[in-house]
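Asker: Dropping the structure in here first, questions after.
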Amino acid sequence: YCETCASIGNVLWNYRMFLMDADGKYYDVLERTLYNALLSGVSLSGDRFFYPNPLESHGQHERQAWFDCACCPSNICRFLPSVPGYIYAMDSSIVYVNLFIQNEAALQVGNHLTHFELSTKYPWDGKVVIRIKDSNPLPFTIAIRIPGWARGEAVPSNLYEFTDDNVSPWKLQVNNKNYPFEFSKGYVFIYKTWNSGDEIELELPMEVQTIKAHPAVKADSDKIALQRGPLVYCLEWTDQPNIDLWNIAINRQKGFKIYSDNSLLPGCFNIQGEACRLDNSKANDCFEFKAIPYFLWAHRGKGSMRVWMPYLASHE
Numbered sequence: 070y071c072e073t074c075a076s077i078g079n080v081l082w083n084y085r086m087f088l089m090d091a092d093g094k095y096y097d098v099l100e101r102t103l104y105n106a107l108l109s110g111v112s113l114s115g116d117r118f119f120y121p122n123p124l125e126s127h128g129q130h131e132r133q134a135w136f137d138c139a140c141c142p143s144n145i146c147r148f149l150p151s152v153p154g155y156i157y158a159m160d161s162s163i164v165y166v167n168l169f170i171q172n173e174a175a176l177q178v179g180n181h182l183t184h185f186e187l188s189t190k191y192p193w194d195g196k197v198v199i200r201i202k203d204s205n206p207l208p209f210t211i212a213i214r215i216p217g218w219a220r221g222e223a224v225p226s227n228l229y230e231f232t233d234d235n236v237s238p239w240k241l242q243v244n245n246k247n248y249p250f251e252f253s254k255g256y257v258f259i260y261k262t263w264n265s266g267d268e269i270e271l272e273l274p275m276e277v278q279t280i281k282a283h284p285a286v287k288a289d290s291d292k293i294a295l296q297r298g299p300l301v302y303c304l305e306w307t308d309q310p311n312i313d314l315w316n317i318a319i320n321r322q323k324g325f326k327i328y329s330d331n332s333l334l335p336g337c338f339n340i341q342g343e344a345c346r347l348d349n350s351k352a353n354d355c356f357e358f359k360a361i362p363y364f365l366w367a368h369r370g371k372g373s374m375r376v377w378m379p380y381l382a383s384h385e
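Numbering of the sequence shown is given in the working numbering, commencing with residue 70 and proceeding in unit increments.
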């Protein structure tokens with residue numbers, strides 16, 4: 070069902086839990102919800118909305134301009150302007166960097182107003198640069214969230230897991246050098262006397278990852294979902310012409326590649342891989358599939374869509 074209002078409620082709840090415990094697991098769930106289920110609730114044009122955000126469709130779903138029960142359109146229009154307020158958090162002399170969204174900010178650190186600049190193309194690129202823009206030296210701690218997906222953790226529970234434990238390491242430097250830090254509750258804590266021009270550079274791995282669900286989730290048994298960075302991907306009918314999405318399986322052994330595609334959204338990266346028909350209607354009937362970020366689906370007319378896909382090994 071994944072109602073748009075429920076997604077917003079999920080973000081609000083996890084934000085408040087983080088404020089109580091300063092644990093990055095809450096922001097891991099918040100970020101996943103924000104970039105996927107929540108953003109799917111509004112069209113790129115900003116004037117059409119989903120009430121539910123299903124993970125598969127036979128073509129019966131289409132964003133609407135309004136609903137008789139109009140909680141979702143008004144809620145998401147209210148929520149999206151508040152997103153900048155979720156990027157940072159403060160705790161005495163600690164600045165928490167929670168979301169990687171390009172911005173400039175002035176934050177009160179002790180008795181000083183400290184200016185930050187965060188540069189990134191996230192979620193399409195894993196490079197994040199944080200610059201200090203103050204002239205006066207100031208000692209304090211910067212805590213940067215390392216997302217669970219960059220540490221081999223799909224979600225902070227066993228409900229969903231990555232099928233492959235081999236995740237490329239994330240990298241962090243201060244002023245182009247390795248710098249000592251502490252890691253706790255999903256955050257890197259860096260303490261130093263910060264000066265104007267100091268930079269922290271974080272590099273997060275952005276490989277395509279495959280996710281499996283807990284065996285108790287019967288609807289997703291013998292299926293996988295695709296993820297890159299914080300984004301979950303889906304297969305949509307218009308990218309697989311003349312293909313029945315309910316008659317194919319992904320050949321994950323062939324691997325995946327990404328490609329830039331500006332047709333839906335400038336800067337967007339899609340996923341390519343190999344899929345095969347399950348009915349063996351043709352010899353060697355495999356083809357190259359395309360997957361788009363889930364939040365971008367249903368922008369090219371009504372048609373079928375799937376997030377959870379069978380994989381070939383489960384049918385061998």
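We put the beta carbon where it would ideally sit given N, CA and C, even for glycine.
Could you tell me which of I340, F325, W315 sits nearest to S373, measuring between CA atoms?
Answerer: Along the sequence shown, read from residue 1 onward, the residue named residue 373 stands at position 304. Per the Cα distances, W315.
Asker: As a quick exercise: from N144, E343, Y95, N167, pick the residue whose alpha carbon is nearest that of W135.
Answerer: In the sequence shown, the residue the question calls residue 135 occupies position 66. Checked all of N144, E343, Y95, N167; the closest Cα to W135 is N144.
Asker: Excluding sequence positions up to five away, which residues of its chain have a Cβ less than 7 Å from the Cβ of G195?
Answerer: One-based indexing of the sequence shown puts residue 195 at position 126. The answer, listed in chain order, is E272, L273, P274, M275, G298.
Asker: In whole angstroms, give me the CA-to-CA distance for W239 and T279.
Answerer: Here residue 239 corresponds to residue number 170 of the sequence shown, with the count starting at 1. Here residue 279 corresponds to residue number 210 of the sequence shown, with the count starting at 1. Each residue's alpha carbon lies about 18 Å from the other.
Asker: Just tell me which of D289, H181, L107, D203 has its CA closest to the CA of G266.
Answerer: Numbered from its first residue, the sequence shown carries residue 266 at position 197. Among D289, H181, L107, D203, the Cα nearest to that of G266 belongs to D203.
Asker: Starting from C141 and walking both ways along the alpha helix (DSSP H), at which residues does that stretch end?
Answerer: Here residue 141 refers to the residue found at position 72 when the sequence shown is read from its first residue. Its alpha helix (DSSP H) spans residues 140-148.
Asker: Which residues in the same chain have their Cβ closer than 7 Å to the Cβ of S162, if we skip the five residues on either side of it in sequence?
Answerer: The count along the sequence shown starts at 1 and reaches residue 162 at position 93. Around S162: V178, G179, F209, T210.
Asker: Between which two residues does the alpha helix (DSSP H) containing D160 stretch?
Answerer: Here the question's residue 160 lines up with position 91 in the sequence shown. It is not in any alpha helix (DSSP H) - D160 instead sits in the beta strand (DSSP E) that spans 157-160.
Asker: Once the 5 residues before and after C337 are set aside, which same chain residues still bring their CB inside 8 Å of it?
Answerer: Counting from one through the sequence shown, the residue named residue 337 turns up at place 268. Correct list, in chain order: W193, S329, D330, N331, I361, P362, L365.
Asker: Which value, in whole angstroms, describes the spacing of the CA atoms of D291 and P379?
Answerer: Counting from 1 along the sequence shown, the entry for residue 291 is found at position 222. Counting from 1 along the sequence shown, the entry for residue 379 is found at position 310. Roughly 6 Å separates the two Cα atoms.
Asker: Determine contact between the stretch 71-84 and the stretch 98-105, defined as no fewer than three beta-carbon pairs at a distance below 8 Å.
Answerer: Contact between the stretch 71-84 and the stretch 98-105 is present, because at least three Cβ pairs lie under 8 Å.
Asker: Mind pulling the alpha helix (DSSP H) runs of 4 or more residues that sit fully within the stretch 81-148?
Answerer: Segments of the alpha helix (DSSP H) lying fully in the stretch 81-148: 93-102, 140-148.
Asker: Taking Cβ positions, are G93 and Y260 nearer each other than 9 Å?
Answerer: Taking the first residue of the sequence shown as position 1, residue 93 is located at position 24. Taking the first residue of the sequence shown as position 1, residue 260 is located at position 191. The answer is no: Cβ separation not under 9 Å.
Asker: Relative to the C-alpha of N244, which candidate in L228, Y229, W263 has its C-alpha closest?
Answerer: The residue you call residue 244 lines up with position 175 of the sequence shown. The shortest C-alpha separation from N244 is found at W263.
Asker: Once the 5 residues before and after P206 are set aside, which same chain residues still bring their CB inside 6 Å of it?
Answerer: Your numbering for residue 206 matches position 137 in the sequence shown. Counting only Cβ-Cβ distances below 6 Å, and skipping sequence neighbours, we find T262, N264.
Asker: Could you tell me whether the Cβ atoms of E270 and V197 are closer together than 9 Å?
Answerer: If you number the sequence shown from 1, residue 270 lands on position 201. If you number the sequence shown from 1, residue 197 lands on position 128. Yes, these two residues count as a Cβ contact at 9 Å.
Asker: Determine whether the beta carbon atoms of L295 and A318 lie at a separation below 9 Å.
Answerer: Locating residue 295 in the sequence shown gives position 226, where the first residue counts as 1. Locating residue 318 in the sequence shown gives position 249, where the first residue counts as 1. Result no, Cβ atoms of L295 and A318 do not sit closer than 9 Å.
Asker: Count the other CB atoms within 10 Å of the CB of Q309; is the residue buried (16 or more) or exposed (fewer)?
Answerer: The count along the sequence shown starts at 1 and reaches residue 309 at position 240. With 16 or more Cβ atoms within 10 Å of its Cβ, Q309 is classed as buried.
Asker: Give me the Cα-Cα distance between F148 and L88, rounded to the nearest whole angstrom.
Answerer: Residue 148 sits at position 79 when you count from the first residue of the sequence shown. Residue 88 sits at position 19 when you count from the first residue of the sequence shown. So the alpha carbons of these two residues sit roughly 18 Å apart.
Asker: Just to confirm my understanding: we take Q171, look at its own chain, exclude 5 residues before and 5 after, and list those with CB closer than 7 Å. What are they?
Answerer: Translated into positions along the sequence shown, residue 171 becomes position 102. Same-chain partners within the cutoff: L187, S188, T189.
Asker: Within 10 angstroms of the Cβ of C345, are there 16 or more other Cβ atoms? Answer buried if so, exposed if not.
Answerer: Counting from one through the sequence shown, the residue named residue 345 turns up at place 276. Buried, since its Cβ has 16 or more Cβ neighbours within 10 Å.
Asker: For A288 and S253, what's the separation of their Cα atoms in angstroms?
Answerer: Position 219 of the sequence shown, counted from the start, is the residue given in the question as residue 288. Position 184 of the sequence shown, counted from the start, is the residue given in the question as residue 253. The straight-line gap from Cα to Cα measures roughly 35 Å.
Asker: Rounded to the nearest angstrom, how far is the Cβ of E343 from that of N320, given a contact under 8 Å?
Answerer: In the sequence shown, counting from the first residue as 1, residue 343 sits at position 274. In the sequence shown, counting from the first residue as 1, residue 320 sits at position 251. The Cβ separation is near 4 Å, so the contact holds.
Asker: What does a CB cutoff of less than 7 Å around G110 pick up in its chain, not counting 5 residues either side in sequence?
Answerer: Residue numbering aside, residue 110 sits at position 41 when the sequence shown is read from its first letter. Once the five neighbours on either side are set aside, the close Cβ partners of G110 are T73, S76, F118, F119, N122, C141, I145.
Asker: If you check the beta carbons only, do Y191 and A91 fall under 9 Å apart?
Answerer: Here residue 191 refers to the residue found at position 122 when the sequence shown is read from its first residue. Here residue 91 refers to the residue found at position 22 when the sequence shown is read from its first residue. No, the pair does not count as a contact, with Cβ atoms beyond the cut-off.
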